[in-house]
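Residue numbers (this note's numbering): 1028 to 1401.
Heads up, the beta-carbon is just placed ideally off N, CA and C, and yes, glycines get one too.
Quantities reported herein were computed from a predicted structural model and do not represent experimental measurements.
Report on one structure; see the data block that follows.
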Ligand code: PMP
């Protein structure tokens, strides 16, 4: 019989890792390792629709003409992103997903003993990236209704302890938006402190601080193609910042971290923004209100947030998640204590949402799922 044990795991690895690495926990997405094919995937804030056929054609044409043997360069992408954002190409840094942009900011602005200020619970990669460079997190809790804690955040910033101030607008998982005027106030009050604004969901909100860059050069805006542009699998994000900031951050990104196909797909997307905008309008003006109305009508507590996802608190969260899964629907269990008993779900296609509501109706406490009119 063949010995199938991994020979490299036979003896312990006596390597010395810095405690910050040993103590870190590898990111584990919910429902990891499952075959997701054929399921209704509402658990990762991904787009659920197919890739635009024009984008798929651009990818095929590129592969046929050029293959993938060349290292990528990014001047075209930076110019196109600059035009999309209304800044110069020098203000753009493409990254391997905005997760990498977060990592770059942690490595650029933080270090052992430094402090990152953020409202909590924040998008998990921020705390993770700060921890990996040995920094502490000064976390200001969101209000009990999950709105932004303006006064407390202002007071925390005023202590002067923060080496990096982070806004996630809107935040994931709470969906909480932050007033742009408040971000401007904080950036102006702390002109030498980098103020990172994660705008992963900007296409859904239309709210951005990019125009403020001209007057607030300490703002560092992070964006992604993973959400409204439906390209999470291609891993493309970007930083929008003062050219001096971009010139520093580019030193700590590897030269070819953004792959050539992500660039091709992004350029194709930016040439037909109408498609993305139509999909976003459909989601935010029709799909989302219908879903919120559904939960409200059935007296299920719901936090709609500002983006393409929402938080729901059913009577029995674990049981609800389990039964949704049995019906082929994945939602995300929340683990932060402030979000106990809640799950997060992103919007899907109208057909997926109809199916979701049909299944959810059968889980409601009233016998036979009879609607409770308000
Ligand atoms: N920021 C926020 C707020 C997010 O929700 C996400 C994705 N879950 C990201 C950044 C990272 O996106 P990506 O790395 O796919 O660009």
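- Of the residues 1218, 1151, 1375, 1312, the one whose Cα lies closest to the Cα of residue 1125 is 1151.
- Taking 7 Å as the cut-off, one finds at least one heavy atom of ligand 1 near enough to the beta carbon of residue 1251.
- For residue 1362, the shortest separation between its Cβ and any heavy atom of ligand 1 does not lie below 7 Å.
- Using a cutoff of 7 Å, the CB of residue 1150 counts as near ligand 1, since one of the ligand's heavy atoms is closer than that.
- At least one heavy atom of ligand 1 sits closer than 7 Å to the Cβ of residue 1264.
- Counted as a single uninterrupted DSSP element, the alpha helix (DSSP H) harbouring residue 1351 occupies residues 1344-1353.
- DSSP links residue 1163 through a beta bridge to 1142.
- Secondary structure note for residue 1385: its alpha helix (DSSP H) is the uninterrupted segment 1377-1390.
- Residue pairing from DSSP places residue 1370 in a beta bridge opposite 1339, 1360.
- Per the Cβ contact rule, the stretch 1314-1328 is not in contact with the stretch 1288-1301 (fewer than 3 Cβ pairs under 8 Å).
- At a cut-off of 7 Å, the beta-carbon of residue 1195 counts as near ligand 1: some heavy atom of the ligand is closer than that.
- Three or more beta-carbon pairs separated by less than 8 Å link the stretch 1366-1382 to the stretch 1060-1074, which places the two stretches in contact.
- Remark: the shortest separation between the CB of residue 1072 and any heavy atom of ligand 1 falls under 7 Å.
- DSSP places residue 1101 in no alpha helix (DSSP H); its state is neither H nor E.
- The beta-carbon distance between residue 1200 and residue 1338, rounded to whole angstroms, is 7 Å. This is short enough to meet the 8 Å contact definition.
- In terms of Cβ geometry, residue 1159 and residue 1051 form a close pair [threshold 8 Å].
- For residue 1194, the enclosing beta strand (DSSP E) covers residues 1191-1195.
- Counted as a single uninterrupted DSSP element, the beta strand (DSSP E) harbouring residue 1251 occupies residues 1246-1251.
- Residue environment analysis places residue 1241 among the exposed positions, since fewer than 16 neighbouring C-beta atoms fall within 10 angstroms of its C-beta.
- Look at residue 1068 here: in three-state DSSP terms it is strand.
- DSSP, read as helix, strand or coil, puts residue 1122 in strand.
- In this structure, residue 1124 has its CB closer than 7 Å to one or more heavy atoms of ligand 1.
- Contact between residue 1142 and residue 1162 is confirmed by a C-beta separation of about 6 Å, below the 8 Å threshold.
- By the Cβ-count criterion, residue 1062 is exposed, with fewer than 16 other Cβ atoms from all chains shown falling within 10 Å of its own Cβ.
- Bridge pairing for residue 1168: 1147 [DSSP].
- DSSP places residue 1177 inside the alpha helix (DSSP H), whose first and last residues are 1177-1185.
- Cβ-Cβ separation between residue 1367 and residue 1168: approximately 13 Å, too far for a contact (criterion under 8 Å).
- Listed in chain order, the beta strand (DSSP E) runs fully inside the stretch 1263-1326 are 1264-1268, counting runs of at least 3 residues.
- Annotated as distal: residue 1144 and residue 1083, with beta-carbon spacing of 8 Å or more.
- Annotation: residue 1128 to residue 1265 spans about 7 Å, alpha carbon to alpha carbon.
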